[in-house]
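Contents: one structure, followed by commentary.
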Amino acid sequence: MSKVYTFNVRTQQATAMIDITRQVQEAVSESKVENGICVVFIPHTTAAITINENADPDVVRDFLMEINKVIPFSDGYHHIEGNSAAHIKSSLMGFSETVIIENGRLLLGTWQGIYLTEFDGPRTRKVHVKIIEG
Ligand code: ZN
């Protein structure tokens with residue numbers, strides 16, 4: 002049975018996209034699995050996991066600018082905790098990604114990175130990584 006690798010990420014702003022590709026690759030390397038799949042999962046309801054471009058930081062900037070327009074922080078929400086926008090963004094983005102492992106490396110495209118997206122920060126977030134050989 003393969004174990005679950007877990008690491009923490011500290012976010013600094015209310016909304017952010019943090020590149021966690023390095024930490025996920027470290028888990029893959031530590032597992033010694035050469036070929037298989039890697040599931041990256043976040044156990045939170047106001048954050049998400051996604052894959053997108055990690056070359057130009059303006060992609061992240063534009064992404065956050067637009068998602069905060071599409072789902073505004075205030076819009077007559079009912080949820081008493083006051084973070085409905087974050088809950089909605091998280092479900093739209095999703096809580097996990099699956100990446101193929103080939104020759105011990107994440108089989109990502111040249112411009113792809115794995116991101117933790119924070120929608121209700123700043124907080125410390127937990128990320129779980131499960132690696133399955135095959
Ligand atoms: Zn809430």
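Here the sequence shown stands for residues 2 to 135, numbered as in this note's numbering. We put the beta carbon where it would ideally sit given N, CA and C, even for glycine.
- For the ligand ZN, no non-hydrogen atom lies closer than 7 Å to the CB of E35.
- Of the residues I101, Q113, T125 and G122, the one whose Cα lies closest to the Cα of E35 is I101.
- Listed in chain order, the alpha helix (DSSP H) runs fully inside the stretch 22-66 are 22-32, counting runs of at least 4 residues.
- A residue is called buried when at least 16 other Cβ atoms come within 10 angstroms of its Cβ; S91 meets this threshold and is buried.
- Taking 8 Å as the cut-off, the Cβ atoms of I133 and I21 do not count as close.
- Non-local beta-carbon contacts of I43 in its own chain, meaning distances under 6 Å to residues more than five positions away in sequence, involve I50, F96 and V128 in chain order.
- Relative to the ligand ZN, the beta carbon of E82 is positioned inside 7 Å of a heavy atom.
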